[in-house]
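Top line first, the protein sequences correspond to chains U and R. Just so you know, the UniProt record's numbering puts 32 at position 32 of the first sequence, and the rest follows in order with no gaps. Just so you know, the UniProt record's numbering puts 177 at position 177 of the second sequence, and the rest follows in order with no gaps.
Protein chains: 2
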Amino acid sequence: MSTTNSLDVLIQALRRLPGVGVKSAQRMAFHLLQHDRQGALALSRALEEAVGSVRHCTLCHTFTEAEVCSTCLDPERDATRLCVVETPADQSALERTGAFKGLYFVLMGRLSPLDGIGPQEIGLHKLMERACNGVVQEVILATNFNAEGEATAHVISEALKSRGLHVTRLARGVPVGSELEYVDLGTIAHALVDRR
Amino acid sequence: MSTTNSLDVLIQALRRLPGVGVKSAQRMAFHLLQHDRQGALALSRALEEAVGSVRHCTLCHTFTEAEVCSTCLDPERDATRLCVVETPADQSALERTGAFKGLYFVLMGRLSPLDGIGPQEIGLHKLMERACNGVVQEVILATNFNAEGEATAHVISEALKSRGLHVTRLARGVPVGSELEYVDLGTIAHALVDRR
Numbered sequence: 001m002s003t004t005n006s007l008d009v010l011i012q013a014l015r016r017l018p019g020v021g022v023k024s025a026q027r028m029a030f031h032l033l034q035h036d037r038q039g040a041l042a043l044s045r046a047l048e049e050a051v052g053s054v055r056h057c058t059l060c061h062t063f064t065e066a067e068v069c070s071t072c073l074d075p076e077r078d079a080t081r082l083c084v085v086e087t088p089a090d091q092s093a094l095e096r097t098g099a100f101k102g103l104y105f106v107l108m109g110r111l112s113p114l115d116g117i118g119p120q121e122i123g124l125h126k127l128m129e130r131a132c133n134g135v136v137q138e139v140i141l142a143t144n145f146n147a148e149g150e151a152t153a154h155v156i157s158e159a160l161k162s163r164g165l166h167v168t169r170l171a172r173g174v175p176v177g178s179e180l181e182y183v184d185l186g187t188i189a190h191a192l193v194d195r196r
Numbered sequence: 001m002s003t004t005n006s007l008d009v010l011i012q013a014l015r016r017l018p019g020v021g022v023k024s025a026q027r028m029a030f031h032l033l034q035h036d037r038q039g040a041l042a043l044s045r046a047l048e049e050a051v052g053s054v055r056h057c058t059l060c061h062t063f064t065e066a067e068v069c070s071t072c073l074d075p076e077r078d079a080t081r082l083c084v085v086e087t088p089a090d091q092s093a094l095e096r097t098g099a100f101k102g103l104y105f106v107l108m109g110r111l112s113p114l115d116g117i118g119p120q121e122i123g124l125h126k127l128m129e130r131a132c133n134g135v136v137q138e139v140i141l142a143t144n145f146n147a148e149g150e151a152t153a154h155v156i157s158e159a160l161k162s163r164g165l166h167v168t169r170l171a172r173g174v175p176v177g178s179e180l181e182y183v184d185l186g187t188i189a190h191a192l193v194d195r196r
């Protein structure tokens, strides 16, 4: 659309970001070139730097710049409990609650056979090794509560139980602060079944 | 939120893109590092390249890598007609219609006093010079049909008319393919007034 080649290349490159179509990519490129060239250069450097230095923790598989991430290295944490999450963002949400002091395993995805993401891609083999190290006593499955997350939890649960490990799942129920009238029926049904 | 500094820097840099909040920035960073490191490097290079080479056409103010853009250099185009648009994307939309063979002036913005964008920032002075070069006979205002675009068109129109130039505005009316029942009342009223 434009008369400059490097602008076209930039728009195409921005389109590779998730959730960015051609209109958004154009808007981003115009904004950066017109109003925030410093920001464009900062982003360029940050991308190069992150690609060069960010890798996966050898124990929990999350993003880190070191061999092992700081959470896994923390001697204060309870190594008998291992929480399985889909992404670092999920791990961060759990951390912010302050309610869990154990260790994590980050799948960096979820089972999605249609997208070619099977047990191999989410590191099931590595998780089995990690969970069967003789120290871990309980594996808490904290994958998302949608279809793919539930399927992932089921597959992991079956695999771990066959090794005799104690496997739990985050509780399903009515969210804090909500009014029953406005809660969906599936959630209320689960909350009834799991009442305590 | 993360244990890696360069990941945090990347998330902050992505937040400078328009329309990207902290959740989207996290999702973009995770996606690039997990699934598309090639894309991340390509984006890094494209940003650097574009910031280094893209500048403004000295005649029409649009983005170009040369002194003067290819549209302004095209001898086939009708230099007596000058179309004023807000952005290169608007120019591209007009070009795709194939209905205009004149030249352009791209404001690279619109009047927005609250955001500190006045006549100076949209290059009104430069537009006046360009329109009063003795060749231009008609200036077509094709700024957007929202409050800021209309205000911009009004200010430019007043300035150009005071120099004795013929100033027109894109027609307001019912969009092609629409049913009157579903068209907003303001548009129908305009279409009635401007009937031909």
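Where is the CB? At the ideal position from N, CA and C, for every residue including glycine.
Contact list for residue i against chain R, beta-carbon separation under 8 Å
i	result
U/Thr-187	The contacting residues do not exist; U/Thr-187 stays about 23 Å from chain R at best.
Of the residues the options, the one placed nearest residue i, counting alpha carbons only
i	options	result
R/Arg-77	R/Glu-95, R/Phe-63, R/Asp-115 and R/Gly-21	R/Glu-95
U/Val-84	U/Pro-75, U/Ile-122 and U/Gly-52	U/Ile-122
R/Arg-16	U/Val-155, U/Gly-102, U/His-31 and U/Gln-26	U/His-31
U/Ala-159	U/Leu-124, U/Leu-180 and U/Leu-111	U/Leu-124
U/Thr-62	R/Pro-119, R/Arg-196, R/Leu-114 and R/Leu-7	R/Leu-7
U/Val-139	U/Thr-80, U/Val-155 and U/Gly-109	U/Thr-80
R/Leu-47	U/Lys-161, U/Val-136, U/Gln-38 and U/Arg-55	U/Gln-38
R/Ala-93	U/Glu-181, U/Arg-169, U/Lys-23 and U/Val-176	U/Lys-23
U/Cys-60	U/Leu-107, U/Pro-75, U/Leu-114 and U/Phe-100	U/Leu-107
U/Leu-43	R/Gln-12, R/Asn-133 and R/Gly-52	R/Gln-12
R/Gly-134	R/Asn-5, R/Gly-118, R/Ala-147 and R/Arg-163	R/Arg-163
U/Pro-75	U/Lys-101, U/Val-51, U/Gly-52 and U/Ala-50	U/Lys-101
U/Val-51	R/Gly-98, R/Asn-5, R/Val-51 and R/Gly-116	R/Asn-5
U/Ala-147	U/Glu-179, U/Cys-132, U/Pro-113 and U/Ser-178	U/Pro-113
U/Asp-36	R/Pro-18, R/Asp-36, R/Glu-179 and R/Arg-196	R/Pro-18
Sequence-distant residues of its chain with Cβ nearer than 8 Å to residue i (five each side left out)
i	result
U/Val-20	Leu-14 and Met-28
U/Arg-172	Phe-145, Thr-187, His-190, Ala-191 and Asp-194
R/Ala-40	Leu-32 and Leu-33
R/Thr-64	Val-54, Arg-55, His-56, Cys-57 and Ser-70
R/Arg-130	Leu-59, Cys-60, Leu-82, Phe-105 and Val-136
R/Ser-157	Leu-141, Val-167 and Arg-169
U/Ile-117	Gly-109, Arg-110 and Leu-111
R/Gly-98	none
Under 7 Å from the C-beta of residue i: neighbouring residues of chain R
i	result
U/His-31	Pro-18
U/Gln-26	Ala-89
Amino acids of chain U, ordered along the chain, whose beta-carbon sits closer than 8 Å to that of residue i
i	result
R/Asn-5	Glu-65
R/Gln-34	Met-108 and Gly-109
R/Arg-37	Val-51
Listed by chain order, chain U residues near residue i by CB distance under 9 Å
i	result
R/Val-9	Ala-42, Arg-45, Ala-46, Glu-49 and Ala-50
Test item: CB-CB of residue i and residue j under 9 Å
i	j	result
U/Leu-73	U/Phe-105	no
U/Asp-141	U/Leu-170	The residue asked about is misnamed: residue 141 of chain U is Leu in this sequence, not Asp. In this structure, U/Leu-170 lies closer than 9 Å to U/Leu-141 by Cβ.
U/His-120	U/Leu-165	Rather than His, the amino acid found at residue 120 of chain U in this sequence is Gln. Cβ atoms of U/Gln-120 and U/Leu-165: not closer than 9 Å.
U/Lys-161	U/Val-167	yes
U/Gln-91	R/Ala-89	no
U/Val-183	U/Val-174	yes
Other residues of its chain near residue i: CB distance less than 6 Å, five sequence neighbours each side excluded
i	result
R/Thr-152	Arg-110, Leu-111 and Thr-143
R/Leu-149	It should be pointed out that residue 149 of chain R corresponds to Gly in this sequence rather than to Leu. The answer, listed in chain order, is Arg-110 and Thr-143.
Residue i Cβ short of 8 Å to the ligand FMN heavy atom set
i	result
U/Leu-82	Ligands in the displayed structure: none, and consequently the ligand FMN is not present.
Other residues of its chain near residue i: CB distance less than 7 Å, five sequence neighbours each side excluded
i	result
U/Thr-58	Glu-67 and Val-68
R/Ser-2	Below a pLDDT of 50, predicted positions are generally treated as unreliable, and R/Ser-2, at 48, falls in that range; the measurement from the model is reported next regardless. Here the set comprises Asp-8.
U/Glu-86	Leu-107, Gly-109, Arg-110, Thr-143, Asn-144 and Gly-149
R/Leu-10	Ala-29
Contacts of residue i in chain U (Cβ-Cβ under 7 Å)
i	result
residue 197 of chain R	The first residue shown for chain R is 1 and the last is 196, placing residue 197 of chain R beyond what the model contains.
R/Val-54	Thr-4, Ser-6, Leu-7 and Leu-33
CB contact check: residue i to chain A, cutoff 9 Å
i	result
R/Lys-101	Within the model displayed, chain A is absent; protein chains U and R are what it includes.
Self-check item: Segments assigned alpha helix (DSSP H), at least 4 residues, entirely inside the region 58 to 103 of chain U
Solution: 70 to 73 and 88 to 97
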